[in-house]
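Please read the structure below before turning to the comments.
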Amino acid sequence: MNWKALAVAVTLVVSVVGTPVAAAATTQQTSGQAQSGTFISFQASENAVTNYSVNGRTLVERMNVQSASEARAQAGADIGLSDGVGFSGAGLRIANSLDAGASTSATIESSSGAEIVAHDNDRGIMVVSANGESHVARFDGSEGAEAEQESEKRAVIEGDDGGAATVIVIGEGNVSVSEGGNVTAMIEEDGTVVYRQYEDGRSDSEAAQERMIANGTAVAEVYVGTAADATSDDGGDTPTVTPTDEPSDEAAERSADVVRYSEDTTVEVTERSATTVNATVDRAESEGKVVIMSVSETAFENADAAAVFVDGEAAAEAESYGAVESATNDGETSKYLVRSSSGAAASTDVVVGINHFSEREVSMQSGDGGSDGGSTASGGQPGFGAGLAVVALVGAALFARHRS
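The opening position of the sequence shown corresponds to residue 1 in full-length UniProt numbering, with each subsequent residue numbered one higher.
Listed below in C-alpha cells is the structure:
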C-alpha cells in the first residue's frame, strides 16, 4: 500500500500552518482597506467589517466587535434584543492582509483586544477570539436575509437566494437574534465566535459539524483547494475554470488553509498533492478530538473513497457522526466519516475522530490508492522491485549459460 497519505498536521499555534506556495503577507496595514482573495472579499472600515462576501454572495453586510463592558455601557442590558439598541464597534486594524492571494487568511486586530481572522476558503470561515476579555460581536444581515436562533450557541442566517450561514459560540457565551434578524454573540474571556457560510444552503452534515465545533469536540478544520475552485460573480481577476477546462498552472496550485477552534491544538499541513495530504496534529491534553478535512475535487482525487491513517495505522470508516465522536473517547481506533460538502466548488469533507493525543500523524490517501502504475518498495522508489527481478533473471540466465 502507498503510505504517502494526506497527513493532517494539527499544529494550532498563533497562525494558520500550511499556507500556499507564496509566503503570507506580514506588512502592518491600516484600516479602511478592501480585501479580496480566491473565495472571500470584504471591507475593513475603522470599526467594522463590511460586505463580507463568500463566493460572490453576501449574507452579512456589517460585523463589529466590542468589549462587553463598553458595549453594555453604550447599549445597556438589551444588547442583541432590539435593533434600536446598539453599540459602536471597537477600532480595527489589518495586521495581516490577504495580499492578492499570497495568504490564506487576513488578521484584523481590534482596539478592545479581540482578534478577527477571515479565512479564504470555500466556507469563508471567520473566527473572532476574545483574547482574555469578554466581548460582543454583532452580525447585521444583508437585505433579504433572515436569522433564527437554533440553540443557545448557534444562530442561522438564510439569504433569499438559497445561501445560508451559521454563527457559533465556542466556550462560555451565547447567541441571540434581534427583532430585525441580526445576530449578536456574547463570549467570555476564553470564548470564540465562528462564522461559517454555505453556498447552497446548510446540510444535516454541516449542522452536525457545527454542533461538534460548538461543544469543543472539533478542534480544527483544514481546507485544501486550488484557485480553480472559486466562483466569481463580480468579473474579477480570480483564475477560474469550467468543469471541461484544463486549469492553468496558477489555478492548479494547491493551498492549505487551517482554521483553529482550540487554543491548545496545533495543525501543520506538510504535504498536499492530488493523492495525498499530510499533517501533524499536536495537543497538550490526551483527550481525543475531531479534525475536519475539506478537499476540493480539483485539488484531491477520489476523496469520496479516501482512506485515512493515524500514525501509520488504518483508521476505521464510520457510518455516522456519532461513531466518529465515540472514537474520540479513547476508542480502540481512530475513525473517519466521508461526506459531500455543499460548497460552490465540488468538495468532500473527511471528518476524522482521533482517539487520543498528544502528537499524532494523520494521513488521508486518495481513493485510487495513490498509484501511478509502478510498484513501490519500502524505500519509496517506483519500480525498484521490478528492477531487482529483472537483474535476478539476467543473473540466473548467465549462471546457467556458464554451467553449460
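Beta carbons are placed, not taken as given, at the ideal position from N, Cα and C, and that holds for glycine.
Report task. Give a yes or no on whether the C-beta atoms belonging to T298 and A228 are separated by under 7 angstroms. Result -> As a position in the sequence shown, residue 298 is number 298, starting the count at 1. As a position in the sequence shown, residue 228 is number 228, starting the count at 1. A Cβ-Cβ contact shorter than 7 angstroms links T298 with A228.
Query - E172 beta carbon less than 7 angstroms from that of E188 - result: Locating residue 188 in the sequence shown gives position 188, where the first residue counts as 1. Locating residue 172 in the sequence shown gives position 172, where the first residue counts as 1. A contact, by the Cβ cut-off of 7 angstroms.
**Report entry** Cut-off 7 angstroms between Cβ atoms - residues of its own chain near F39, not counting five sequence neighbours on either side
**Finding:** The residue given as residue 39 occupies position 39 in the sequence shown. Annotation for F39: V54, N55, D120, N121, D122, G124, A230 place their beta carbon closer than 7 angstroms to its own, counting only its chain and skipping 5 residues before and after.
Requested in this report: From the DSSP output, read off the bridge partner residues of V219.
Outcome: Numbered from its first residue, the sequence shown carries residue 219 at position 219. Beta-bridge partners of V219 (DSSP): none assigned.
Query - Other residues of its chain near G235: CB distance less than 6 angstroms, five sequence neighbours each side excluded - result: The count along the sequence shown starts at 1 and reaches residue 235 at position 235. Per-residue confidence for G235 stands at a pLDDT of 39, beneath the threshold of 50, marking its modelled position as unreliable; the derived number appears in the next sentence. Closer than 6 angstroms at Cβ, skipping near neighbours: no residue.
Requested in this report: Can you say whether D330 is buried or exposed, counting buried as having 16 or more other CB atoms within 10 angstroms of its CB?
Outcome: Counting from 1 along the sequence shown, the entry for residue 330 is found at position 330. Per the 10 Å Cβ criterion, exposed.
Query raised in the report: Expressed to the nearest angstrom, what Euclidean distance is found between the alpha-carbon atoms of V241 and R254?
Result: On the sequence shown, position 241 is the one that residue 241 refers to. On the sequence shown, position 254 is the one that residue 254 refers to. Its pLDDT being 33, under 50, V241 is placed unreliably by the model, and the measurement read from it follows with that caveat. Going from the Cα of V241 to the Cα of R254 covers about 15 angstroms.
Query raised in the report: Considering only the beta carbon of each residue, do S105 and V117 sit closer than 7 angstroms?
Result: Taking the sequence shown and counting its residues from 1, one reaches residue 105 at position 105. Taking the sequence shown and counting its residues from 1, one reaches residue 117 at position 117. Contact: yes.
Report task. Under the assumption that M212 contacts E325 (Cβ atoms under 8 angstroms), give the Cβ distance between them as a whole number of angstroms. Result -> Locating residue 212 in the sequence shown gives position 212, where the first residue counts as 1. Locating residue 325 in the sequence shown gives position 325, where the first residue counts as 1. The beta carbons of M212 and E325 sit about 7 angstroms from each other, so the pair counts as a contact at 8 angstroms.
Report task. Taking E133 as the reference, give the member of V290, Q74, V65 with the closest Cα. Result -> The sequence position of residue 133 within the sequence shown is 133, counting from 1. Distances from the alpha-carbon of E133 to those of V290, Q74, V65 put V65 closest.
Query raised in the report: Going by other Cβ atoms of all chains shown within 10 Å of its Cβ, with 16 needed for buried, is A90 buried or exposed?
Result: In the sequence shown, the residue the question calls residue 90 occupies position 90. By the neighbour-count rule (16 or more Cβ atoms within 10 Å), A90 is buried.
Query raised in the report: So what's residue 405 in DSSP terms, helix, strand or just coil?
Result: No statement about residue 405 is possible, as the shown extent of the chain runs from 1 to 404 and does not include it.
Requested in this report: Rounded to whole angstroms, what's the CA-CA distance from N215 to A185? Just pull it up for me.
Outcome: Counting from 1 along the sequence shown, the entry for residue 215 is found at position 215. Counting from 1 along the sequence shown, the entry for residue 185 is found at position 185. So the alpha carbons of these two residues sit roughly 16 angstroms apart.
Requested in this report: Inspect the beta-carbon positions of Q35 and L98 and report whether they are closer than 7 angstroms.
Outcome: Residue 35 sits at position 35 when you count from the first residue of the sequence shown. Residue 98 sits at position 98 when you count from the first residue of the sequence shown. With contacts defined by Cβ atoms closer than 7 angstroms, Q35 and L98 form a contacting pair.
Query raised in the report: Is there contact here, the region 260-269 with the region 310-318, by at least three beta-carbon pairs under 8 angstroms?
Result: No, the region 260-269 is not in contact with the region 310-318.
**Report entry** Three-way DSSP call (helix, strand, coil) for S112 in this model
**Finding:** Numbered from 1 along the sequence shown, position 112 holds the residue referred to as residue 112. DSSP places S112 in coil when its eight states are reduced to three.
Query raised in the report: Start and end of the alpha helix (DSSP H) containing G181?
Result: Here residue 181 refers to the residue found at position 181 when the sequence shown is read from its first residue. Counting along the chain, G181 falls outside any alpha helix (DSSP H), and DSSP gives it neither H nor E.
Requested in this report: Please classify I213: does DSSP put it in a helix, a strand, or coil?
Outcome: Looking up residue 213 in the sequence shown gives position 213. Note: I213 maps to helix in three-state DSSP.
Requested in this report: Spatial neighbours of E359 within its chain, please: CB distance less than 6 angstroms, with the 5 preceding and 5 following residues excluded, ordered by chain position.
Outcome: By one-based count along the sequence shown, residue 359 stands at place 359. The answer, listed in chain order, is D282.
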